[in-house]
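Residue numbers (our numbering): 5 to 412.
For each residue, glycine too, the CB sits at the ideal point set by N, CA and C.
A quick note: this is a predicted structure, and the numbers were derived from the prediction, not measured.
Below is one structure, written out as structure tokens; the observations come after it.
In structure tokens:
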């Protein structure tokens with residue numbers, strides 16, 4: 005048996021999950037074309053050293069295609085002899101526009117430096133007119149106002165209070181890094197012992213941001229801070245809020261954790277199982293693993309089903325645990341009582357407050373909709389629907405637009 009040792013070369017980022025790689029055999033050892041060759045999907049690390057992920061393969065020619073969370077695709081064809089252990093290093097043509105935006109770039113929240121250079125040369129703006137031009141000019145001079153809710157939004161009242169932040173005590177937050185020429189500001193929220201929300205006000209728009217705190221680093225014993233990026237999209241007339249945990253072993257999974265991208269997350273099942281099993285150390289990371297496993301429909305083993313129940317039962321302050329338990333009952337019913345258990349978990353999830361993950365809002369709404377004729381469900385379904393309409397589906401963590409688009 006031969007093998008390929010795969011890694012993505014990144015100078016400023018080290019992570020065990022740098023890209024999703026697809027290996028397709030295109031020719032055998034004799035050079036004859038293989039029309040239906042073996043296909044392998046794996047995740048590979050990104051680093052500046054030599055740590056790689058080894059995959060056993062048949063000798064011959066292989067096409068390696070790696071997709072980064074940012075959306076960049078790298079292709080390389082290699083030939084491996086019988087018994088050979090062949091190192092394969094993939095080089096990205098793009099890189100982060102700033103070192104301090106490395107994680108934001110890795111998960112796809114900001115374009116690469118080369119892309120931004122081309123856009124700047126063309127001065128690309130999809131929207132036209134004086135109003136749009138003026139808005140982009142203001143974005144380079146007017147710094148966003150970012151504040152942190154001193155008291156976390158908790159329980160069922162959070163669904164209404166998240167749209168009324170003026171009644172809450174707020175603490176101002178200064179940017180840690182900025183590039184006003186690119187209308188980009190990065191804020192760092194220190195590791196905390198309880199949940200926090202951010203309030204972003206910029207150019208007449210307002211956003212409520214669920215911050216994934218407290219977060220225990222994957223593979224470490226330390227709590228890590230959270231990044232909140234605020235920027236103007238160079239190709240559109242829209243504000244983007246990018247939330248990333250400063251945990252390089254989780255951040256790339258966030259690129260698969262958005263409500264819109266989650267169905268593609270099957271490749272991360274191995275990492276997702278590990279994160280779910282580590283729920284006591286990092287319950288928020290465990291919830292991410294649960295979303296990936298359920299979205300992927302992991303049928304290889306069912307032991308993780310009980311771990312989802314434990315996550316919901318052991319951490320009553322996390323809405324996502326109850327959402328996952330309800331979704332598990334609806335997708336993998338155990339018995340005739342599964343429907344009622346799902347309904348109870350959905351109502352419990354609502355009463356716990358707004359989910360940490362955007363997928364949680366979508367899944368909660370989908371679940372409640374299945375019980376829409378129930379008088380005890382209907383009103384809560386309408387409240388969740390109101391928030392879901394304001395949800396940024398491109399983000400893993402919950403970002404809710406408070407202002408109406410007509411107000412900008």
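| Query | Result |
| --- | --- |
| Touching by the beta-carbon criterion (3+ pairs, under 8 Å), the stretch 110-118 and the stretch 32-47 | no |
| Distance CB(residue 259)-CB(residue 73) smaller than 8 Å | yes |
| Three-state class that DSSP yields for residue 166 in the structure shown | coil |
| Buried or exposed (CB count within 10 angstroms, at least 16 for buried), residue 128 | Because residue 128 carries a pLDDT of 48, less than 50, the predicted location of this residue cannot be relied on, and the following value inherits that uncertainty. By the 10 Å Cβ count, residue 128 comes out exposed. |
| Exposed unless 16 or more other CB atoms sit within 10 angstroms - verdict on residue 19 | buried |
| Beta-carbon proximity check, residue 230 vs residue 193, cutoff 8 Å | yes |
| Where residue 391 falls: helix, strand or coil (DSSP) | helix |
| Residue 45 - partner residues in DSSP beta bridges | 26 |
| Delimiting residues of the alpha helix (DSSP H) encompassing residue 349 | 342-356 |
| N-terminal and C-terminal residue of the beta strand (DSSP E) that residue 212 is part of | 209-215 |
| As assigned by DSSP and simplified to three states, the class of residue 404 | strand |
| Helix, strand or coil at residue 129 [DSSP, three-state] | In this prediction, residue 129 scores a pLDDT of 48, lower than 50, which makes its location untrustworthy; the coordinate-derived value is nonetheless stated afterwards. Coil at residue 129, not helix or strand. |
| When 349, 380 and 379 are compared against residue 368, the one with the closest alpha-carbon | 349 |
| Distance, residue 233 Cα to residue 131 Cα | Unreliable placement is indicated for residue 131, whose pLDDT of 45 sits below 50; no coordinate value is reported for it. |
| Rounded Cβ spacing between residue 139 and residue 241 (contact assumed at less than 8 Å) | 6 Å |
| Among 174, 181, 158 and 171, nearest to residue 147 - alpha-carbon criterion | 181 |
| Collapsed DSSP secondary structure at residue 333 in the structure displayed | helix |
| N-terminal and C-terminal residue of the alpha helix (DSSP H) that residue 308 is part of | 308-318 |
| 8 Å Cβ shell around residue 6 - same chain, five flanking residues per side excluded | 60, 61, 62, 63, 84, 85, 86, 87, 88, 89 and 90 |
| Buried or exposed by the 16-neighbour rule on C-beta atoms within 10 Å, applied to residue 289 | buried |
| Burial state of residue 168, where buried means 16 or more other Cβ atoms lie within 10 Å | exposed |
| For residue 57, the residue or residues it bridges with in DSSP | 10 |
| Candidates 335, 254 and 152, of which the one nearest residue 201 by Cα | 152 |
| Distance between residue 408 and residue 166 (C-alpha atoms, nearest Å) | 14 Å |
| Element boundaries [beta strand (DSSP E), containing residue 108] | Element bounds for residue 108: not the beta strand (DSSP E) but the alpha helix (DSSP H), 106-110. |
| Cβ neighbour criterion (16 or more within 10 Å) applied to residue 188 | buried |
| First through last residue of the alpha helix (DSSP H) which encompasses residue 297 | 287-300 |
| Alpha carbon of residue 257 to alpha carbon of residue 401, nearest angstrom | 12 Å |
| Cα-Cα separation between residue 386 and residue 279, rounded to whole angstroms | 33 Å |
| Option nearest residue 314 by Cα separation, candidates 335, 339, 296 and 287 | 287 |
| Residue 224 - DSSP class collapsed to helix/strand/coil | coil |
| Through-space distance from residue 71 to residue 24, alpha-carbon basis | 5 Å |
| Buried/exposed call for residue 186, threshold 16 Cβ in 10 Å | buried |
| With 16 other Cβ atoms within 10 Å as the buried cut-off, status of residue 100 | buried |
| Below-8 Å beta-carbon distance, residue 165 vs any chain D residue | No chain D appears in this structure, which consists of one protein chain only. |
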